[in-house]
Amino acid sequence: DPYADDPIRHPALKVNSQRPFNAEPPPELLTENYITPNPIFFTRNHLPVPNLDPDTYRLHVVGPPGGQSLCLSLDDLYQFPKHEITVTLQCAGNRRSEMTRFKEVRGLEWSAGAISTARWAGARLFDVLAQTGHQLSATEAHVCFERLDSDPTGTAYGASIPLARAMDPEAEVLLAYEMNGQPLPRDHGFPVRVVVPGVVGARHVKWLGRVSVEPEESYSHWQRRDYKGFSPSVDWDTVDFDSAPSIQELPVQSAITQPKDGETIESGEVTVKGYAWSGGGRAVVRVDVSLDGGLTWQVAELDGEEQRARKAWAWRLWQLQAPVPAGKKELNIVCKAVDDSYNVQPDTVAPIWNLRGVLTGNRRSEMTRFKE
Ligand code: MTE
Ligand code: MO
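Under this note's numbering, read the sequence shown as residues 9 to 380, first letter to last.
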C-alpha cells in the first residue's frame, strides 16, 4: 500500500477520498478563524504523501538555456530574504457537488470547504530565479514546478505558471517552508511548496523538487489534461483539452457557512456567515445577502484583514444579522460577492456547468427552516 506512510489527520475533516487523501473542514469550522489552523486546512492530494528528509532535501533550479543551475539545501533557501504573506488557496473543484446536483461531472465531491487561508513564509521565487544570473525577460516563457519523488507508477505531480508572474516581485510567488509559523505539515508539502497568490490551488506544487524556466507550459497531466474550463455543450467524446487555456487566476467566489444548508434554527433573528474571495489579487468590495431567494438584498459586514489593492491574496469573512419577518417558516438564503473589477457571480450553475466540474462560482443558495 503506497499510502501506508501517509500522515495522521484531524478527525473533524470531512473526507472525500482516503487514498489519495482529500478532505475539507466542515463549514462551521472553516470560518471560525480568519487564518485556518493547519490541522483543518483542506487537503488535496493526487498521490501518496512522500516522507522527505530535511537534511538531504535539495531543490534543483534550472534557468533558461545557457543559464546557471542551482542546487539548494533548506539552509541555502533560508539565506534568501524571508517573505511572509497571508494567502487563500482554493481548489478549482471547490463546490463541485453543487455542479453535480445539476448534472453529473467527473471529480471529487467537494462541498464549499476546498478553500483555506494561511500565513505562508519562504523565499521569493523572484529572488531565487535572479540568482541563476539571467535576464529573464521572455514574455512567452513559463516556470515549471515538479514534485520531488514520483509514485509507484512513475507519475510526478507538476504544474507551471507564466514567467511574467514569477518575475513580478509584486506577485509575491513564494517557495514556502512555513505555514502559520510552523514548518509545512507533511500533507501541505513538507519541506517546501510553491505558493502562487491569487492563482488556483493546482499550481501550488507541494514537496517541490524542481523549478525550471521553459519555453512551454508544464507537460504534466494536471497542466494540460485537467484544470481547464469548457462550454456546457462539451462532453467527454468531444472535449479537446488543447483548445482551452489552463486555469490560473480564479473568478470571484463566496459561500455561506452558517446556517448550514437545511439547518433548522431559532426564529426571530438570523446570523448568516461566510467567506468571499477573488483571484488575481482582486479585492472583495461587497457581499450581498438575500433572505428571500434573491428578490431583495442586504449588504453584509466584512470581517478579517483589510485587503491591499491589486494584492488582495486572502479572503474576507463576512456576516449579516437580520430580523426574520414574523410567520416565516423557511428562508432561502443567497449570497454573492463583488470584486474590485465589479465581477459578479453568475445567478445559476447551468451556464457554467462543465464536464470536469471546475470553477463552480455561481451565487450560493441555501434553505433554512425555523423551529416551530
Ligand atoms: N502538489 C503535489 N505535489 N501533489 C498534489 O497532488 N495538488 C494540488 C496542489 N499541489 C497537489 C499539489 C492541488 S489540485 C491543490 S488544490 C493544492 O495543492 C492543495 O493544497 P493543500 O493540500 O495544501 O490544500
Ligand atoms: Mo485542486
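Every residue gets a Cβ at the ideal spot worked out from N, C-alpha and C, and that includes glycine.
Look at which beta carbons fall closer than 6 Å to any heavy atom of the ligand MO; those residues are ARG52, CYS99, ALA100, GLY101, GLY209, ALA210. Distance from the CA atom of GLU380 to the CA atom of GLU338, rounded to whole angstroms, is 11 Å.
DSSP lists VAL307, LYS344 as the beta-bridge partner residues of ASP296. Relative to the ligand MTE, even the nearest heavy atom lies 7 Å or more away from the CB of VAL200. Sequence-distant partners of PRO267 (beyond 5 residues in either direction) whose C-beta falls short of 6 Å from its own C-beta, in its chain, are ILE273, THR376. For the beta strand (DSSP E) assignment, the uninterrupted runs of no fewer than 3 residues enclosed by the region 164–249 are, from N- to C-terminal side, 166–170, 182–187, 201–203, 216–222. For the 8 Å CB-CB criterion, ASN59 and PRO28 do not form a contact. Comparing alpha carbon positions, the residue from LEU55, GLU32, VAL57 closest to PRO47 is GLU32. Taking every protein chain shown into account, the CB of TRP244 has fewer than 16 other CB atoms within 10 angstroms, so this residue is exposed.
In the structure shown, PRO58 adopts coil according to DSSP, grouped into three states. A Cβ-Cβ distance of about 7 Å is found for the pair GLN315 and VAL292, placing them in contact under the 8 Å criterion. Below 8 Å, too few C-beta pairs join the region 58–74 and the region 294–312 to call them touching: fewer than three.
For SER373, the enclosing beta strand (DSSP E) covers residues 372–378. By the CB criterion at 8 Å, TYR42 and THR125 fall inside the cutoff. Inclusion of LEU55 in the 7 Å shell around the ligand MTE follows from its C-beta lying nearer than that to a non-hydrogen atom of the ligand. Here THR94 carries a strand assignment [DSSP, helix/strand/coil]. Beta-bridge annotation (DSSP): TRP285 is paired with GLN261. Ranking LEU183, LYS344, TYR283, GLU271 by CA distance to the CA of ILE123 puts TYR283 first.
In the three-state DSSP reduction, ALA358 falls in the helix class (H, G or I). The residues ARG52, LEU97, GLN98, CYS99, ALA100, ALA122, in chain order, have a CB closer than 8 Å to that of GLY209 in the same chain once the five nearest residues on each side in sequence are set aside.
Below 8 Å, enough C-beta pairs join the region 124–139 and the region 177–188 to call them touching: three or more. Residues VAL113, ARG114, PHE238, VAL242, ASP243, TRP244, VAL247 of the same chain have their beta carbon placed closer than 7 Å to that of LEU363, with the five preceding and five following residues left out of the count. Positions of the alpha helix (DSSP H) runs, each at least 4 residues long and wholly inside the region 21–80, are given as 35–38 in order along the chain. For TYR227, the distance from the CB to the nearest heavy atom of the ligand MTE is not below 7 Å. For HIS68, the CB stays at least 7 Å from every heavy atom of the ligand MTE.
If you draw a straight line from the Cα of ASP234 to the Cα of ALA334, it is about 49 Å long.
For the pair VAL204 and ARG194, the CB atoms are not nearer than the 8 Å cut-off.
Here VAL260 really is in contact with GLY369; their C-beta atoms are around 7 Å apart, less than 8 Å.
Put simply, the backbone Cα of CYS152 is about 28 Å away from that of GLU117.
For GLU106, the uninterrupted alpha helix (DSSP H) run begins and ends at 104–110, by DSSP.
Taking VAL352 as the centre and dropping the five residues before and after it, the same chain places the C-beta of VAL346 closer than 6 Å to its C-beta, in chain order. Within 10 angstroms of the beta-carbon of PRO35 lie 16 or more other beta-carbons, which makes it buried.
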